[in-house]
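J.: So the sequence lines, in the order shown, correspond to chains A and B.
Using this note's numbering, you'd call the opening residue of the first sequence number 1 and step up by one each time.
Using this note's numbering, you'd call the opening residue of the second sequence number 1001 and step up by one each time.
Backbone N, C-alpha and C fix where the C-beta goes; we use that ideal spot for every residue, glycine too.
I'd like to ask some things about the structure below.
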Amino acid sequence: MPFACIHVPNFILQAALRIEPGLRTRPAGILDGIPPFVTVIAKNKKAGSLGLQIGMTKSQAEQIQGLQLRRRSIEHEAAAHAALVDLALSFSPRIEETAADTIILDLEGLAQLFGGFEKLAQRLGWRAKKFGLSAQVAVGSNPEAAQLAARGFAGVTVLAPDEETECLGSLPITALNLSLEIRETLERWGVRTCQALAALPVAQLSERLGQEGVRLQELARGASGRALIPTIAAMEFEEAMELDTAVSELEPLSFLLGRLLDQLCERLSARALATNEIRLKMELERGEEEIFGIAEKHQNLVYGQSTLADSSSRRETVAPRDDTGWNRGDTDKQNGARPPGRVDLRPDSTKSDAAPLIYEHALRLPLAMRDSKALLRLWRLHLESHPPASPIVKITMAAEPAKIRFAQSGLFVPLSPDPEKLEITMARTGHFVGAANIGSPELLDTHRPLSFRVARFNPLEASSSANDSAEPSVSSEFSLGVSSKISSVGSGPLLSATALRVFRPAIPARVEARDNAPARVYFGGVWGDVMAASGPWRSSGDWWTEDPWNQDEWDLEIEFPVPAAKETNAFSHTAKGTPKTESARAHGVYRIVRESAGGNWFVRGVYD
Amino acid sequence: MKTSALRAQLEKSLGSIIPAPFSPRRPAPAEMVASGIPEIDHLTGGLPRGYLTEISGPIGSGRTSLLISLLSALTKREESCALVDGRDSFDPCGAEEAGVALGRLLLVRCNNIEQALRAADLLLHGGGFGLVALDLSDLPIASVRRVPLNVWFRFRRMVENTPTVFMLLEQESCAKTCASLVLRLEMKMARWRSILKSSDGNSQPTLLSGLQFNAEVMRCRFECGKSDDGRAGGSASGDSSEGTRCSFESKPAWIELTKKRRKNSEA
Chain A
1 MPFACIHVPN FILQAALRIE PGLRTRPAGI LDGIPPFVTV IAKNKKAGSL
51 GLQIGMTKSQ AEQIQGLQLR RRSIEHEAAA HAALVDLALS FSPRIEETAA
101 DTIILDLEGL AQLFGGFEKL AQRLGWRAKK FGLSAQVAVG SNPEAAQLAA
151 RGFAGVTVLA PDEETECLGS LPITALNLSL EIRETLERWG VRTCQALAAL
201 PVAQLSERLG QEGVRLQELA RGASGRALIP TIAAMEFEEA MELDTAVSEL
251 EPLSFLLGRL LDQLCERLSA RALATNEIRL KMELERGEEE IFGIAEKHQN
301 LVYGQSTLAD SSSRRETVAP RDDTGWNRGD TDKQNGARPP GRVDLRPDST
351 KSDAAPLIYE HALRLPLAMR DSKALLRLWR LHLESHPPAS PIVKITMAAE
401 PAKIRFAQSG LFVPLSPDPE KLEITMARTG HFVGAANIGS PELLDTHRPL
451 SFRVARFNPL EASSSANDSA EPSVSSEFSL GVSSKISSVG SGPLLSATAL
501 RVFRPAIPAR VEARDNAPAR VYFGGVWGDV MAASGPWRSS GDWWTEDPWN
551 QDEWDLEIEF PVPAAKETNA FSHTAKGTPK TESARAHGVY RIVRESAGGN
601 WFVRGVYD
Chain B
1001 MKTSALRAQL EKSLGSIIPA PFSPRRPAPA EMVASGIPEI DHLTGGLPRG
1051 YLTEISGPIG SGRTSLLISL LSALTKREES CALVDGRDSF DPCGAEEAGV
1101 ALGRLLLVRC NNIEQALRAA DLLLHGGGFG LVALDLSDLP IASVRRVPLN
1151 VWFRFRRMVE NTPTVFMLLE QESCAKTCAS LVLRLEMKMA RWRSILKSSD
1201 GNSQPTLLSG LQFNAEVMRC RFECGKSDDG RAGGSASGDS SEGTRCSFES
1251 KPAWIELTKK RRKNSEA
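Have a look at this one:
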């Protein structure tokens, strides 16, 4: 049974380089430790050529000209390991997370699929590069042999089943991960390579080193027969980036976001997934005003639908999303938390005073996508309209995995915008008209006139719901034998329906009544004669709420003298737009409303 | 060899392959879409896809009724439509009663003409809509007049060779030659239904039963009135700007709904 092993040498440094690829071409080192005992724990070759050594203190390392030093980040390493797991899972469903920098794959049945183990190993290496990791790959007949070869040999190594002992023989015994005691013993014997260890007689080795010696010899021969311990990888896609210098401008921030999105999309792609929700969390630099508790100016700070809050209370301030996919800050009331979108800078005994401020937002998409460029555009548009208040020191981005959308176009598919393009178009339009002013109108379940809300426009959902609702009617047509002509008339659109143009807000009017019906109407600075009237159509509702309505509606045909009507927009249109007829009077049919509460009259709209 | 002789020779040699190699290429016939109002479809052959259609007229002249009919027809065919509402005057309740599938309608509520033009630009650029309607009817005429002509040229170019009907609604025609079809509407009369009689025996108008509108074709770059359904009526032709008129009537949606309910209850 063949196995492959992916090993990432110098993992700590590579995890940092994956997030900051610009460091690859420059001398770089990684620092770790608790101040003042911060030392160099990893370096690249260029840094080594400048004289940087592992174990140097920070002050020593800083004296080297042109050296880039970064702090060790556990989050970067976790993300790099998760990427490694995703990479392995894109090839084989059975993998073992041997170490943070090492993954072993079961290759049973994959040789034919990839055209041989060598090609498979090459593709593993190439794919690892796409993930930003330079990996060593080896294929062997057992997990230990593959692991030993991957750790010992650079590039791609394929161990032939009969030549494993010979191939592994050149490796030093230190590759076997020996204990110090056994290592010293072997060195005293003059055993320095795996080949020398493999050549020792088993019985005598067992007498002197015990079962550990036998195990090490099996490893050196490439004959270890342990079983793979498969792992079930979590479906978590998160990338983080800590910044040495805080970012305060959109351009560099979008550059960093783009990098994180690229990594996330690459990982999703490896797992044949997409995302329909991306969460962004940014730690903001705490300015002087926050440090000293001058929080007045931030007390009501709300970034549109995002919230700025203390990191320790993140769960409280993550606002649930509404149907449009944007966070709303008004739902914390339900949880009994603090008022929405407010900065909590009050001193808290359980929190440290230097706790960072958090900017959070979740971008919910109507369809699953993994186009990093499109996602970056959406984030840019959001951040342009809702910028963070302080410079950013840390970025965390997580993607909610979702199945890929499969769409097959056809000749007879109705015209519909491309969902990804549409999302960007809507975001760009919402940027200047307001997110609440773009979408699909949705009627509310109320009798209140002209009540509707703007919901998220999603033609895919509309078509699926239309299809769902259409299915029963089709079947009933067939079962009842109704002719297609009748059904088309019955379900067809109501053609030439008179439409109402609504005045928002309604125009106040004065009305002179005669015989309980309006006879003259004044609005827009001019009196008009009522030629015909229909009404009153009385309606009321919501009397059990704080906002009841009770009104009489009238449909009035009103004739206005043209020259005087110039004052309001609605009416001036009537006057200016009407061609001059013989009578030189403009007339139209208006809907006029009288509120029962105050007896005030308003022009609600005009039939057009 | 003279140019004319050379041309004749080329035309002769290429005659079997290309009938008229030097004559300007005729534009492809426009695909027309039924507006949902038979009289308008009969008059214009429908509304062309890939061109700018201008509907002008004063307030109460039936522009919105025509728009709603078109939206109803297109959304019924599961096409996505976009409406850029220049002054937030759209009535979704009435539109749904008229048969518009609101789930397929993208509504952009604007506050001024700059927003409306920018939104229309983005929607046309995004593409994929069966109809993009730019409603500037309630905006001051002066501000609409101030829109530079190159904006309309840009819109015309953007919508060209796309399956989108770009409809512009306003009080006065302003897109000039950029519009391929210009319709001028005006209200003819309102119909009232008398169902009650007063004490002196005179009937009183109590219900609005419909509005009658006049439509006039001010400009049409297509041969009009070729088909009833409006789908095959558009073939390119010269600029035939002679006025062609028709009348159509719209009825309040509740009349049809009441009739339908009555039929259902009888059934």
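Quick check: the Cα distance between V38 of chain A and Q112 of chain A, rounded to an integer number of angstroms?
T.: Stepping through the first sequence from its first residue, residue 38 of chain A is reached at position 38. Stepping through the first sequence from its first residue, residue 112 of chain A is reached at position 112. Cα to Cα, the separation comes out at about 50 Å.
J.: Exposed or buried, which one is G190 of chain A when buried takes at least 16 other CB atoms within 10 Å?
T.: For the purposes of this step, residue 190 of chain A is taken as the residue at position 190 of the first sequence. Exposed is the call here.
J.: Tell me whether the beta-carbon of L133 of chain A lies closer than 9 Å to the beta-carbon of A270 of chain A.
T.: Position 133 of the first sequence, counting from 1, holds the residue named residue 133 of chain A. Position 270 of the first sequence, counting from 1, holds the residue named residue 270 of chain A. The answer is no: Cβ separation not under 9 Å.
J.: Bridge partners of Q1212 of chain B, per DSSP?
T.: Stepping through the second sequence from its first residue, residue 1212 of chain B is reached at position 212. Bridge partners of Q1212 of chain B: B:M1189, B:E1249.
J.: For the alpha helix (DSSP H) that contains W537 of chain A, what are its first and last residues?
T.: As a first step, residue 537 of chain A is located in the first sequence; it is residue number 537 there, counting from the start. No alpha helix (DSSP H) contains W537 of chain A, which is instead part of the beta strand (DSSP E) from 526-541.
J.: Roughly how many angstroms lie between the CA atoms of A227 of chain A and E144 of chain A, to the nearest whole one?
T.: Counted from its first residue, the first sequence places residue 227 of chain A at position 227. Counted from its first residue, the first sequence places residue 144 of chain A at position 144. Roughly 10 Å separates the two Cα atoms.
J.: Using a cut-off of 8 Å between C-beta atoms, extract the partners of N44 of chain A located in chain B.
T.: Along the first sequence, read from residue 1 onward, the residue named residue 44 of chain A stands at position 44. What N44 of chain A touches in chain B: nothing, since even the nearest Cβ is about 45 Å away.
J.: For K1076 of chain B and A1119 of chain B, I'd like the C-alpha separation in whole angstroms.
T.: Numbered from its first residue, the second sequence carries residue 1076 of chain B at position 76. Numbered from its first residue, the second sequence carries residue 1119 of chain B at position 119. Near 24 Å, if we compare the C-alpha coordinates of A1119 of chain B and K1076 of chain B.
J.: Tell me, please, whether the CB atom of A612 of chain A is closer than 9 Å to any CB atom in chain B?
T.: Nothing about residue 612 of chain A can be reported from this structure: the residues present for chain A run from 1 to 608 only.
J.: Whose C-beta lies closer than 6 Å to the C-beta of E164 of chain A among residues of the same chain, with five residues either side of it excluded?
T.: Residue numbering aside, residue 164 of chain A sits at position 164 when the first sequence is read from its first letter. Within the same chain, E164 of chain A has close Cβ partners A145, G222.
J.: Along chain A, which residues have their Cβ under 7 Å away from the Cβ of C1110 of chain B?
T.: Start at 1 with the first residue of the second sequence, and residue 1110 of chain B comes out as number 110. Residues of chain A passing the Cβ test: V433.
J.: Could you spell out where the alpha helix (DSSP H) holding M1158 of chain B opens and where it closes?
T.: Numbered from its first residue, the second sequence carries residue 1158 of chain B at position 158. Its alpha helix (DSSP H) spans residues 1149-1159.
J.: Can you find the residues in the same chain that come closer than 6 Å, C-beta to C-beta, to Q263 of chain A, ignoring five residues on each side of it along the sequence?
T.: For the purposes of this step, residue 263 of chain A is identified with residue 263 of the first sequence, where counting begins at 1. E239.
J.: Let me know the alpha helix (DSSP H) ranges lying completely inside the segment 1060-1095 of chain B, each 4 residues or longer, listed in chain order.
T.: Complete alpha helix (DSSP H) runs here, min 4: 1063-1076.
J.: Just list the beta strand (DSSP E) runs in the segment 84-126 of chain A, keeping only unbroken ones of 3 residues or longer that don't cross its boundaries, in chain order.
T.: The qualifying runs are 95-99, 102-106.
J.: Using 9 Å as the limit for Cβ to Cβ distance, is S1241 of chain B near chain A?
T.: Taking the first residue of the second sequence as position 1, residue 1241 of chain B is located at position 241. Any reading at S1241 of chain B needs caution, since the residue's pLDDT is 44, under 50, leaving its predicted position unreliable; the model's value is listed next. Chain A contact via Cβ: absent.
J.: Would you report the Cα separation of Y522 of chain A and A1095 of chain B, rounded to the nearest angstrom?
T.: For the purposes of this step, residue 522 of chain A is taken as residue 522 along the first sequence, with counting starting at 1. For the purposes of this step, residue 1095 of chain B is taken as residue 95 along the second sequence, with counting starting at 1. Taking the straight line joining both Cα atoms gives about 29 Å.
J.: Closest by CA to L105 of chain A, which one among A:W126, A:R370, A:F3?
T.: The count along the first sequence starts at 1 and reaches residue 105 of chain A at position 105. Nearest of A:W126, A:R370, A:F3 to L105 of chain A, Cα basis: A:F3.
J.: In three-state DSSP terms, what is W601 of chain A?
T.: For the purposes of this step, residue 601 of chain A is identified with residue 601 of the first sequence, where counting begins at 1. Strand, per DSSP.
J.: Establish whether the CB of L1123 of chain B and some CB of chain A are separated by less than 9 Å.
T.: Counted from its first residue, the second sequence places residue 1123 of chain B at position 123. With 9 Å as the cut-off, L1123 of chain B counts as an interface residue toward chain A.
J.: Compute the Euclidean distance between the alpha carbons of G1045 of chain B and M1032 of chain B, then round it to the nearest angstrom.
T.: Stepping through the second sequence from its first residue, residue 1045 of chain B is reached at position 45. Stepping through the second sequence from its first residue, residue 1032 of chain B is reached at position 32. Distance between the alpha carbons of G1045 of chain B and M1032 of chain B is about 7 Å.
J.: Please list the partners that S1016 of chain B has in chain A, where partner means a Cβ-to-Cβ separation under 8 Å.
T.: The sequence position of residue 1016 of chain B within the second sequence is 16, counting from 1. Those do not exist, as S1016 of chain B stays about 33 Å from chain A at its closest Cβ, beyond 8 Å.
J.: Give the straight-line distance between the Cα atoms of I34 of chain A and R72 of chain A, rounded to the nearest whole angstrom.
T.: As a first step, residue 34 of chain A is located in the first sequence; it is residue number 34 there, counting from the start. As a first step, residue 72 of chain A is located in the first sequence; it is residue number 72 there, counting from the start. If I take the Cα positions, the gap works out to 11 Å.
J.: Would you call the segment 5-14 of chain A in contact with the segment 116-136 of chain A, where contact means no fewer than 3 C-beta pairs closer than 8 Å?
T.: Taking 8 Å as the limit for Cβ pairs, the verdict is that the segment 116-136 of chain A does touch the segment 5-14 of chain A.
J.: May I ask you to list the residues that DSSP assigns as paired with K281 of chain A?
T.: For the purposes of this step, residue 281 of chain A is identified with residue 281 of the first sequence, where counting begins at 1. Per DSSP, A:E360, A:T396.
J.: For R1219 of chain B and W1152 of chain B, what's the separation of their Cα atoms in angstroms?
T.: The residue labelled residue 1219 of chain B in the question sits at position 219 within the second sequence. The residue labelled residue 1152 of chain B in the question sits at position 152 within the second sequence. Looking at the two C-alpha atoms, the distance is approximately 16 Å.
J.: Under 7 Å Cβ-Cβ, which residues of chain B neighbour Y607 of chain A?
T.: Along the first sequence, one-based indexing puts residue 607 of chain A at 607. Result: G1060, L1211.
J.: Starting from I173 of chain A, trace the beta strand (DSSP E) in both directions and tell me its first and last residue.
T.: One-based indexing of the first sequence puts residue 173 of chain A at position 173. Neither: I173 of chain A is in no beta strand (DSSP E) and is coded neither H nor E.
J.: In the segment 417-430 of chain A, which residues sit with their C-beta less than 8 Å from some C-beta in chain B, listed in chain order?
T.: Per Cβ criterion, the list reads P417, D418, K421, L422, I424, T425, M426, R428, T429.
J.: Just to make sure I have the definition right: I need the residues of chain B whose C-beta is within less than 9 Å of the C-beta of S534 of chain A. Which are they?
T.: Locating residue 534 of chain A in the first sequence gives position 534, where the first residue counts as 1. Going along chain B in sequence order, the residues near S534 of chain A (Cβ under 9 Å) are W1192, R1193, P1205, T1206, L1207, L1208.
J.: Does any residue of chain A have a CB that is nearer than 9 Å to the CB of F1166 of chain B?
T.: For the purposes of this step, residue 1166 of chain B is taken as residue 166 along the second sequence, with counting starting at 1. Not closer than 9 Å to any Cβ of chain A, the Cβ of F1166 of chain B fails to qualify, so no.
J.: With distances taken from CA atoms, which of B:K1176, B:L1124, B:G1086 is nearest N1111 of chain B?
T.: If you number the second sequence from 1, residue 1111 of chain B lands on position 111. Closest by alpha carbon: B:G1086.
J.: Counting C-beta neighbours from all protein chains within 10 Å, is the total for D608 of chain A 16 or more, i.e. buried, or is it exposed?
T.: Residue 608 of chain A sits at position 608 when you count from the first residue of the first sequence. Looking at its Cβ environment, which holds 16 or more other Cβ atoms inside 10 Å, D608 of chain A is buried.
J.: Mind listing the chain B neighbours of I392 of chain A? Cutoff is C-beta to C-beta under 8 Å, in chain order.
T.: As a first step, residue 392 of chain A is located in the first sequence; it is residue number 392 there, counting from the start. What I392 of chain A touches in chain B: nothing, since even the nearest Cβ is about 29 Å away.
J.: Grouping DSSP H, G and I as helix and E and B as strand, with all else coil, what is I1037 of chain B?
T.: For the purposes of this step, residue 1037 of chain B is taken as residue 37 along the second sequence, with counting starting at 1. Of the three classes helix, strand and coil, the one that applies to I1037 of chain B here is coil, per DSSP.
J.: Pick out the complete alpha helix (DSSP H) segments inside the segment 363-433 of chain A, 4 residues or longer, and give them in chain order.
T.: Runs found: 372-385, 419-433.
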